[in-house]
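Undergrad:
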């Protein structure tokens, strides 16, 4: 249960809101680099943190993320002409460069310098690891570029996708730190999904549906450890990383690529679910890459030409009641991503947490909310930089380990839980 | 043409979610296992306007009794120092939360955990001061709690307990 005023603080991320100020402390993923494939390619509408923006790539390959609307009469610059170092409004020819600075107002004498007085709001847009990242906070407080491992490995080793999720970011993100649902909702995929199957750890998962949890604060967020019984009195640990505000990394299985998510608010009732897979030490195989394109693992198939999942609320997520009854899928919805998204969207655009009844295995969620609220308070009252901005908080890995019963995962997994260049992730 | 899922998950439809209470109050016991935790629990009890009961395990005899059996007759005490029978306290409880401090002795967890196990009462343990403690101190306390807690949380700030109890409707 969460009081309404706290729910509002966490779920509202528009300009001027405390939660919005928190998100505006970080570099966040804005677009896939492939959405702006060429210089002078068509611009792309982007809505982030309840702000309507336009992304474009100019003649010299510089990326711009600017207010979507022309300062003159409010026309959407999505109709603009991307030409000769700027984006020109087709209505009266006003032209803007990648910083949002107006560089031409054809109706005014050049000598008047009128155009220098016009500037659209803009944010930096920087490519790293196949993702275009933006920082929407005060320029004076712009942090160093993000150093998530998935964005730093050679591109042959990673696969990144995004999908529209039609609910508030928090209820989507909370699914990422709720390890206890896996043994139910996703149990069919452990044996059938090509990106999961075959790992020894799957056997521990399927044999023990009642894991014991340990939640430990980390510098950037939380370690959420799920413990199951293994052989000879040992424990099989799956350790999820959550880094503030909305990064999660799922424990790996065997030598499969490791994966995780970012949940980024579009507005208060929609978010982008970013999904990444990477292997720290080898290129993804053609089969793995094809499986990801086919919507396996944590990825989805799309409505063609969009980032909306093919199974979505308009078609009841293609629910298959026969598959549900026969146990091929637990909920009747196919695929891990849409199994999660269908249930999270069913809560409504912003779930009323005053009605929920959490239990003690939900402590990961409770602690995440606690840390987010504390970070918002510290930021608003004392301008304290929130956890997760520091790049050292971003150099983390999830892990799966088999440990003797007396070894705490945080100590035993000390090396496994941080990035070690050239060393594979710790996985069972 | 909207599907049933699209219509049902809209903001407009959210207004029609039934507003009656969907749960009854839970019976939660919060037990401090050491002196620093006792101070935290006492402060919490002053501000907590809820159904949680706050207890202290400092009076525990933690050694196994004859034959290696743990006695269930040992006592807790309430915050006023009145003795309480362990089994009486956990009878009918929905959840027992053990509160410990990193680096302190949490051996009382064994007795409480054993009793809860026999009575099928869910247990959680909360280790406070994890931010300031050394890894070794934290590990020692976690090791004492691990066999007896189905949920184990290491928190850096004392105010997490209040947030947790509120979230659990305690």
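Residue numbers (this note's numbering), protein chains in the order written: chain R, 63 to 490; chain G, 5 to 174. Positions of the beta carbon are idealized from the N, C-alpha and C atoms, including for glycine. Here the structure is a predicted model, which means the values were calculated and not measured.
Residues of the region 157 to 173 of chain G in Cβ contact with chain R at a cutoff of 9 Å, in chain order, please.
TA: Those residues of the region 157 to 173 of chain G that come within reach of chain R (Cβ to Cβ, closer than 9 Å) are 157, 158, 159, 160, 161, 163, 164, 167, 168, 170, 171, 172, 173.
Undergrad: Exposed or buried, what is residue 103(R) when buried is set at 16 or more other beta-carbons lying within 10 Å of its beta-carbon?
TA: When all chains shown are included, residue 103(R) counts as exposed.
Undergrad: Could you tell me which whole beta strand (DSSP E) segments of length 3 or greater appear in the region 447 to 490 of chain R?
TA: Complete beta strand (DSSP E) runs here, min 3: 461 to 465.
Undergrad: Going residue by residue through the region 134 to 210 of chain R, where are the continuous beta strand (DSSP E) segments of at least 3 residues, counting only ones entirely within it?
TA: The qualifying runs are 143 to 145, 148 to 150, 164 to 166, 187 to 190, 193 to 197.
Undergrad: Between the Cα of residue 82(R) and the Cα atoms of 71(R), 92(R), 323(R), which residue gives the shortest distance?
TA: That would be 71(R), whose Cα lies nearest to the Cα of residue 82(R).
Undergrad: Listing by chain order, which chain G residues have their CB less than 8 Å from the CB of residue 275(R)?
TA: Per Cβ cutoff of 8 Å: 154, 155, 156.
Undergrad: Please report how far the alpha carbon of residue 329(R) lies from the alpha carbon of residue 113(R), in whole angstroms.
TA: Near 8 Å, if we compare the C-alpha coordinates of residue 113(R) and residue 329(R).
Undergrad: On a Cα-Cα basis, can you pick out the residue from 339(R), 326(R), 158(R) that is closest to residue 42(R)?
TA: Nothing about residue 42(R) can be reported from this structure: the residues present for chain R run from 63 to 490 only.
Undergrad: Quick check: the region 213 to 231 of chain R against the region 246 to 254 of chain R, are there 3 or more CB pairs under 8 Å?
TA: No, because fewer than three Cβ pairs between the region 213 to 231 of chain R and the region 246 to 254 of chain R fall closer than 8 Å, the two stretches do not touch.
Undergrad: Can you find a C-beta in chain G that's less than 8 Å from the C-beta of residue 279(R)?
TA: With 8 Å as the cut-off, residue 279(R) counts as an interface residue toward chain G.
Undergrad: For residue 188(R) and residue 272(R), what's the separation of their Cα atoms in angstroms?
TA: One C-alpha to the other measures close to 43 Å.
Undergrad: For residue 72(G), which residues from the same chain have a beta carbon less than 7 Å from its beta carbon, with the 5 sequence-adjacent residues on both sides left out?
TA: A caution first: residue 72(G) carries a pLDDT of 47, below 50, which makes its placement in the model too unreliable to give a value.
Undergrad: Restricting to Cα atoms, I'd like to know which of 13(G), 11(G), 26(G) is closest to residue 418(R).
TA: If we check each option's Cα against that of residue 418(R), 26(G) comes out closest.
Undergrad: What separation, rounded to the nearest whole angstrom, lies between the Cα atoms of residue 129(G) and residue 109(R)?
TA: One C-alpha to the other measures close to 42 Å.
Undergrad: Measuring CA to CA, which of 170(R), 141(R), 465(R), 96(R) is closest to residue 191(R)?
TA: That would be 96(R), whose Cα lies nearest to the Cα of residue 191(R).
Undergrad: Return the bridge partner residues of residue 33(G) from the DSSP annotation.
TA: DSSP output for residue 33(G) lists 57(G), 100(G) as bridge partner(s).
Undergrad: Locate the alpha helix (DSSP H) running through residue 266(R), then write down its first and last residues.
TA: Element bounds for residue 266(R): 262 to 269.
Undergrad: Taking only the alpha-carbon atoms, compute the straight-line gap between residue 66(G) and residue 110(G) and give it to the nearest angstrom.
TA: Note that residue 66(G) has pLDDT 46, beneath the 50 cutoff, so the model's placement of it is unreliable and the number below is only indicative. If you take the alpha carbons of residue 66(G) and residue 110(G), they lie about 10 Å apart.
Undergrad: Measuring straight from C-alpha to C-alpha, what distance separates residue 59(G) and residue 93(G)?
TA: Near 9 Å, if we compare the C-alpha coordinates of residue 93(G) and residue 59(G).
Undergrad: For a contact meaning CB atoms closer than 9 Å, what does residue 236(R) contact in chain G?
TA: Under the 9 Å cutoff, chain G gives no residues; its nearest Cβ is about 12 Å from residue 236(R).
Undergrad: Taking only three categories from DSSP, how would you classify residue 107(G)?
TA: Here residue 107(G) sits in coil by DSSP.
Undergrad: On the DSSP bridge list, what partners appear for residue 109(R)?
TA: 114(R).
Undergrad: Looking at residue 160(R) and residue 125(R), is the spacing between their C-beta atoms short of 8 Å?
TA: Taking 8 Å as the Cβ cut-off, residue 125(R) and residue 160(R) qualify as a contacting pair.
Undergrad: Say whether chain R places a C-beta atom closer than 8 Å to the C-beta of residue 21(G).
TA: Yes, residue 21(G) lies at the interface with chain R (some Cβ there is under 8 Å from its Cβ).
Undergrad: Just to confirm the assignment, what range does the alpha helix (DSSP H) spanning residue 26(G) have?
TA: Residue 26(G) -> no alpha helix (DSSP H), and no H or E assigned at all.
Undergrad: Is residue 466(R) a contact residue of the ligand ZN, with contact defined as CB to any heavy atom under 7 Å?
TA: Absence of the ligand ZN from the depicted structure is noted, as is the absence of any ligand whatsoever, leaving it without description.
Undergrad: Between the alpha carbons of residue 16(G) and residue 88(G), how many angstroms are there, rounded?
TA: Roughly 51 Å separates the two Cα atoms.
Undergrad: State buried or exposed for residue 85(R), treating a residue as buried only when at least 16 other CB atoms are found within 10 Å of its CB.
TA: That one is buried.
Undergrad: May I ask which residues mark the beginning and end of the beta strand (DSSP E) holding residue 291(R)?
TA: Run containing residue 291(R): 283 to 291, per the beta strand (DSSP E) assignment.
Undergrad: 8 Å is my cut-off, CB to CB: does residue 132(G) come that close to chain A?
TA: Of the protein chains in the structure, R and G, none is chain A.
Undergrad: When you compare the region 97 to 117 of chain G with the region 147 to 162 of chain G, are there three or more beta-carbon pairs, one atom per stretch, that lie closer than 8 Å?
TA: Output reads yes: the region 147 to 162 of chain G touches the region 97 to 117 of chain G.
Undergrad: Quick check for students: name the residue ranges of the alpha helix (DSSP H) that lie wholly in the region 226 to 252 of chain R, counting only runs of 4 or more.
TA: Correct list: 231 to 238, 244 to 247.
Undergrad: Compute the Euclidean distance between the alpha carbons of residue 425(R) and residue 21(G), then round it to the nearest angstrom.
TA: Straight-line Cα distance between these residues: approximately 26 Å.
Undergrad: Determine whether the beta carbon atoms of residue 460(R) and residue 281(R) lie at a separation below 8 Å.
TA: Not a contact, by the Cβ cut-off of 8 Å.
Undergrad: Let me know the secondary structure DSSP gives residue 385(R) once reduced to three states.
TA: Helix.
Undergrad: Alpha carbon to alpha carbon, how far is residue 455(R) from residue 327(R)? Give it in angstroms, no decimals.
TA: If I take the Cα positions, the gap works out to 21 Å.
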